[in-house]
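In the working numbering, the protein residues as written are 206 to 719.
Set out below in structure tokens:
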């Protein structure tokens with residue numbers, strides 16, 4: 206293709222091809238100067254054709270790894286797949302190291318991941334034949350006056366037609382690496398493409414083999430999918446193909462399961478519509494996960510409650526569905542899901558905390574400033590804004606028009622006020638050092654119980670958070686036995702739980718939920 210022919214019809218517009226980075230041109234020129242072929246291959250060619258700046262640039266060559274290293278002394282070769290990492294000296298991070306790989310063809314894939322054997326070849330078409338999808342099986346040769354594409358599987362046409370099609374026989378591609386099924390869904394969600402009929406059929410027939418893929422690899426594909434603008438369609442496609450039944454069966458189990466009168470959609474649809482809000486708002490991964498999974502336990506806690514006020518009917522009796530304590534079971538289920546997929550502990554803790562607390566009450570008639578302080582103390586100040594965002598997603602996922610009704614805005618105003626008040630032991634005007642030096646209390650369980658008791662008092666009345674009051678109160682508490690202090694701390698906790706339960710029960714009765 207000449208420079209005057211650099212137009213490619215995509216998205217119903219004409220897109221000018223971007224310039225190839227000078228570092229990439231230099232590597233290709235050096236390879237050719239040494240007597241070898243050099244093609245840009247894979248995702249960088251696909252993105253280039255679509256007018257998207259590639260994040261990675263990959264070059265394929267007929268040179269062996271040893272010949273590549275002789276051509277580029279500043280390089281590293283530490284694998285058996287023919288890939289040499291070449292240092293370019295570029296100031297741009299994505300161009301500092303470029304991978305140059307020898308043309309290769311591969312044998313069987315007994316483990317659905319790694320080829321049983323790799324053979325180097327001198328033929329670019331044989332190299333392209335091993336790739337996953339036609340849009341990724343295009344090679345581009347840089348010439349003095351433009352580009353020449355090698356496209357034996359019609360990848361350019363499939364890109365134009367917005368189609369994801371497996372190279373060759375779909376069954377063989379997915380037998381080679383089962384993760385390619387997740388990649389197909391991820392590409393569909395990222396680009397808004399359709400998966401070609403035969404390719405999607407092959408995914409549905411082999412969805413179960415995704416269980417043979419290392420959970421870390423599945424997790425990484427899931428993360429990439431959830432961070433695309435088309436994440437909702439991707440999750441729906443996972444359900445349609447059967448992949449979701451294997452990867453997150455707890456989520457798939459909500460499809461078609463009716464909810465109560467406050468929800469316009471079934472459990473699965475509610476969850477994905479909640480996810481849609483987090484995508485629209487460009488929220489980070491932990492909020493997208495929390496929104497997608499926040500109601501997975503409803504399928505396990507769903508019970509029918511007969512009541513003449515009910516708007517639904519079952520077995521000739523009015524009533525409605527209830528999901529008592531689904532947030533607590535959800536916390537456990539989501540921890541199991543994320544541990545199964547090898548998510549980092551910090552991410553798991555953040556998501557499960559948000560899900561456990563997402564049913565917080567925000568009715569102005571019931572919420573008090575003291576209750577808000579307890580909420581912040583329970584979830585920690587750094588998580589409170591995320592909790593509000595999750596509740597917004599929950600609301601939109603239920604089919605209501607407003608993410609923030611007056612009640613929620615009222616609560617946020619109370620939260621802003623409470624943020625300036627003590628809600629944790631660290632914010633008390635007394636600490637362990639003062640207890641040791643001024644009062645003579647030694648570090649240990651007794652000090653912890655006293656601090657917990659002081660915090661309960663300050664949560665009740667922030668005006669008590671003075672060094673004078675807390676020092677006097679510490680001396681009084683220090684006269685009590687460790688067992689008595691432990692008992693006081695437990696009663697304080699039960700009292701707080703009881704107060705919250707009374708608020709919850711009042712709201713549930715008002716809105717006929719359980």
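Glycine included, every Cβ here is placed at the ideal spot set by N, Cα and C.
Nonlocal neighbours in the same chain, by C-beta distance under 6 Å from residue 654, ignoring five residues either side
As a working mapping, residue 654 is identified with position 449 in the chain shown. Excluding positions up to five away in sequence, the list reads 690, 691 and 694.
*In angstroms, rounded to a whole number, what distance separates the CA positions of residue 634 and residue 673?*
Working through the chain shown from its first residue, we reach residue 634 at position 429. Working through the chain shown from its first residue, we reach residue 673 at position 468. Near 9 Å, if we compare the C-alpha coordinates of residue 673 and residue 634.
Classify residue 423 as helix, strand or coil using the three-state DSSP reduction.
Along the chain shown, one-based indexing puts residue 423 at 218. Residue 423: helix per DSSP, three-state reduction.
_Under 8 Å: do the stretch 343-354 and the stretch 372-386 share three or more Cβ pairs, one atom per stretch?_
no
Rounded to the nearest angstrom, what separates residue 519 and residue 432 at their Cα positions?
Locating residue 519 in the chain shown gives position 314, where the first residue counts as 1. Locating residue 432 in the chain shown gives position 227, where the first residue counts as 1. About 40 Å.
- Completely contained beta strand (DSSP E) runs for the stretch 340-416, where each covers 3 or more residues: 344-348 and 351-355
Q) What residue range is occupied by the uninterrupted alpha helix (DSSP H) comprising residue 596? A) Here residue 596 corresponds to residue number 391 of the chain shown, with the count starting at 1. Where residue 596 is concerned, the enclosing alpha helix (DSSP H) stretches over 586-602.
Query raised in the report: Where does residue 582 land, buried or exposed, given buried means 16+ other C-beta within 10 angstroms?
Result: Walking along the chain shown from the start, residue 582 turns up at place 377. Counting Cβ neighbours within 10 Å, residue 582 comes out buried, since at least 16 surround it.
Give the DSSP bridge partners of residue 508, in chain order. The residue you call residue 508 lines up with position 303 of the chain shown. According to DSSP, which records beta bridges pairwise, residue 508 is partnered with 527.
- With 16 other CB atoms within 10 Å as the buried threshold, where does residue 478 fall? On the chain shown, residue 478 is found 273 positions in, with the first residue counted as 1. By the neighbour-count rule (16 or more Cβ atoms within 10 Å), residue 478 is buried.
Notebook entry, point to check: Is the beta carbon of residue 546 within less than 7 Å of some heavy atom of the ligand GTP?
Noted result: Of the ligands one can find in the structure shown there are none, so the ligand GTP has no counterpart to examine.
* Asked: Exposed or buried, residue 648, counting other C-beta atoms within 10 Å across all chains shown (16 or more means buried)?
  -> Mapped onto the chain shown, residue 648 falls at position 443. The residue in question, residue 648, is exposed, as its Cβ has fewer than 16 Cβ neighbours within 10 Å.
TODO: Determine, using beta carbons only, whether residue 430 and residue 436 come nearer to each other than 8 Å.
DONE: As a first step, residue 430 must be located in the chain shown, where it is residue number 225. As a first step, residue 436 must be located in the chain shown, where it is residue number 231. Yes, Cβ-Cβ distance for residue 430 and residue 436 is below 8 Å.
**Message:** Quick check on DSSP: helix, strand or coil for residue 431?
**Reply:** Start at 1 with the first residue of the chain shown, and residue 431 comes out as number 226. Reduced to three states, the DSSP call for residue 431 is helix.
Practice item. Please report how far the alpha carbon of residue 640 lies from the alpha carbon of residue 549, in whole angstroms. Key: For the purposes of this step, residue 640 is identified with residue 435 of the chain shown, where counting begins at 1. For the purposes of this step, residue 549 is identified with residue 344 of the chain shown, where counting begins at 1. Cα-Cα distance, rounded: 37 Å.
Out of 269, 364 and 335, state which residue places its alpha-carbon closest to the alpha-carbon of residue 256. For the purposes of this step, residue 256 is identified with residue 51 of the chain shown, where counting begins at 1. For residue 256, the nearest C-alpha among the options comes from 364.
| Same chain, Cβ closer than 6 Å to residue 259, neighbours up to 5 away in sequence not counted | Counting from 1 along the chain shown, the entry for residue 259 is found at position 54. Result list for residue 259: 249 and 252, in chain order.
Please report the residue range of the beta strand (DSSP E) in which residue 265 lies.
Counted from its first residue, the chain shown places residue 265 at position 60. Its beta strand (DSSP E) spans residues 263-266.
- What span of residues does the alpha helix (DSSP H) with residue 651 cover, start to end? The residue you call residue 651 lines up with position 446 of the chain shown. Unbroken alpha helix (DSSP H) run through residue 651: 650-665.
Exercise. Near residue 557, what residues of its chain come up, given a Cβ to Cβ distance below 6 Å and the 5 sequence neighbours on each side ignored?
Worked result: Taking the first residue of the chain shown as position 1, residue 557 is located at position 352. 536, 539 and 540.
| query | Using CA coordinates, which residue listed in 390, 529, 330 and 494 is at the minimum distance from residue 560? | reply | Translated into the one-based positions of the chain shown, residue 560 becomes position 355. Among 390, 529, 330 and 494, the Cα nearest to that of residue 560 belongs to 494.
**Study point:** C-alpha gap between residue 498 and residue 331, whole angstroms
**Key:** The residue given as residue 498 occupies position 293 in the chain shown. The residue given as residue 331 occupies position 126 in the chain shown. When rounded, the distance between both Cα atoms is 43 Å.
Query raised in the report: Excluding the five sequence neighbours on either side, which residues of its own chain have a C-beta within less than 8 Å of the C-beta of residue 285, listed in chain order?
Result: Along the chain shown, one-based indexing puts residue 285 at 80. Result list for residue 285: 323, in chain order.
Could you please give the first and the last residue of the uninterrupted beta strand (DSSP E) stretch that includes residue 309?
Indexing the chain shown from 1 puts residue 309 at position 104. Counting along the chain, the beta strand (DSSP E) containing residue 309 begins and ends at 309-311.
> Alpha carbon to alpha carbon, what distance is there between residue 624 and residue 305?
Replying inline: The count along the chain shown starts at 1 and reaches residue 305 at position 100. The count along the chain shown starts at 1 and reaches residue 624 at position 419. Distance between the alpha carbons of residue 305 and residue 624 is about 54 Å.
Inset, instruction - Using DSSP bridges, identify the partner residues of residue 243. - result: The residue given as residue 243 occupies position 38 in the chain shown. According to DSSP, residue 243 bridges with 266.
Notebook entry, point to check: Whole-angstrom Cβ separation of residue 421 and residue 547, contact assumed at under 8 Å?
Noted result: As a first step, residue 421 must be located in the chain shown, where it is residue number 216. As a first step, residue 547 must be located in the chain shown, where it is residue number 342. Indeed they touch by this definition, with Cβ atoms about 5 Å apart.
- If you follow the alpha helix (DSSP H) that residue 253 is part of, which residue opens it and which one closes it? As a working note, residue 253 is residue 48 in the chain shown. 248-254 is the span of the alpha helix (DSSP H), which, as asked, contains residue 253.
- Message: In chain order, what are the residue ranges of uninterrupted alpha helix (DSSP H) at least 4 long that sit wholly in the stretch 274-306?
- Response: 298-301
Would you grab the beta carbon distance between residue 682 and residue 657 for me? Rounded to a whole angstrom, and I think it's under 8 Å. By one-based count along the chain shown, residue 682 stands at place 477. By one-based count along the chain shown, residue 657 stands at place 452. With 8 Å as the limit, residue 682 and residue 657 do not qualify as a contact, their Cβ atoms being about 10 Å apart.
How many Å lie between residue 291 and residue 270 at the Cα?
For this step, residue 291 is matched to residue 86 along the chain shown. For this step, residue 270 is matched to residue 65 along the chain shown. For residue 291 and residue 270, the distance between alpha carbons rounds to 11 Å.
* Would you check if the distance between the CB atom of residue 584 and the CB atom of residue 562 is smaller than 8 Å? => Start at 1 with the first residue of the chain shown, and residue 584 comes out as number 379. Start at 1 with the first residue of the chain shown, and residue 562 comes out as number 357. Yes, Cβ-Cβ distance for residue 584 and residue 562 is below 8 Å.
**Item:** Contacts around residue 650, its chain only, beta-carbon distance under 7 Å, and the 5 residues preceding and following it disregarded
**Value:** Reading the chain shown from its first residue, position 445 is the one you call residue 650. Closer than 7 Å at Cβ, skipping near neighbours: 687.
Reduced DSSP secondary structure (H/G/I, E/B, other) of residue 556:
The residue you call residue 556 lines up with position 351 of the chain shown. Here residue 556 sits in helix by DSSP.
- prompt: By a C-beta neighbour count over all protein chains shown, 10 Å radius and 16 as the cutoff for buried, is residue 281 buried or exposed?
  reply: Position 76 of the chain shown, counting from 1, holds the residue named residue 281. With fewer than 16 Cβ atoms within 10 Å of its Cβ, residue 281 is classed as exposed.
- prompt: Leaving out the 5 sequence neighbours to the left and right, which residues in its chain are closer than 7 Å to residue 378 when beta-carbon positions are compared?
  reply: Within the chain shown, numbered from 1, the residue matching residue 378 stands at position 173. Around residue 378: 337, 371, 372 and 385.
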